[in-house]
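If you count the sequence shown from 1, you need to add 23 to reach my numbering.
Glycine is no exception: its CB is placed at the ideal position from the N, C-alpha and C atoms.
As the structure is a computational prediction, the values presented were derived from the model and not from experiment.
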Amino acid sequence: MTEEADHSHAQRAETLRISLGTLWEELKFHRGTTYQISLSVNTLLTVGLGGIVVIRTNFQLWDRVGISAVILALAIFAIRSLRTSYERYAEVARVVVQLEKALGHWDKGRFLPDQTTYPPHWREWGQSKRSFWFVRQEIVTLALLAALIIVIIWLPV
């Protein structure tokens, strides 16, 4: 390689590293957003559940309908927000994998003798169902809490 080609290759590698750092920050942001949505809505629902259990009054029909509608709307909003946040996270994760491939992290022997830097299954990051487990778990928890509140509201006292 000529000196100019070496310099050009080094510039491309540095650009990839800088981009990778920015994308890692974005991944942290999306993960944090997912945690915040989950924590906030689950806390609201848990407090609401506790309040309903403590006051345990015989709600009027329209009270039940109104509370159920609010709980359902909150749950739907949160589930859609979690899915959107995960989809953005997965999209960025796929780009990160492409940049890491370009940097040679899956080239055997490139950085470590006779092995790749990362395990082979990490290439599927952002693509496989396995990377959706956290959001799926949060959606199920949120849906169960919302359903429990709605059921309790409709139970006779």
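Close-in-space but distant-in-sequence residues of the same chain around residue i (CB under 8 Å, 5 per side omitted)
i: Trp148; result: Ala116, Arg117, Val119, Val120 and Ser154
i: Arg40; result: Leu126
i: Trp177; result: Arg87 and Ser91
Buried or exposed by the 16-neighbour rule on C-beta atoms within 10 Å, applied to residue i
i: Val174; result: exposed
i: His53; result: buried
i: Ile99; result: exposed
Host alpha helix (DSSP H) of residue i (start-end)
i: Gln121; result: Leu84 to Ala125
i: Gln23; result: As displayed, the chain neither begins before 24 nor continues past 180, which places residue 23 out of reach and without an answer.
i: Val174; result: Trp156 to Trp177
Whole-angstrom distance between residue j and residue i, CA atom to CA atom
i: Gly71; j: Ile172; result: 8 Å
i: Asn65; j: Pro142; result: 34 Å
i: Ser63; j: Val76; result: 20 Å
i: Phe157; j: Ala92; result: 27 Å
i: Ser49; j: Val180; result: The sequence shown places Glu at residue 49, not Ser. Cα to Cα, the separation comes out at about 49 Å.
i: Glu114; j: Arg79; result: 45 Å
i: Ala170; j: Gly132; result: 53 Å
i: Glu110; j: Thr57; result: 11 Å
i: Gly124; j: Arg146; result: Position check: residue 124 holds Lys in this sequence, whereas Gly was assumed. The alpha-carbon atoms of Lys124 and Arg146 are separated by roughly 8 Å.
Residues that DSSP places opposite residue i in a beta bridge
i: Gln138; result: Leu135
Neighbourhood of residue i by C-beta, 7 Å cutoff - its chain only, sequence neighbours within 5 removed
i: Ile162; result: Ile102 and Leu105
Other residues of its chain near residue i: CB distance less than 6 Å, five sequence neighbours each side excluded
i: Ser108; result: His53, Thr56 and Thr57
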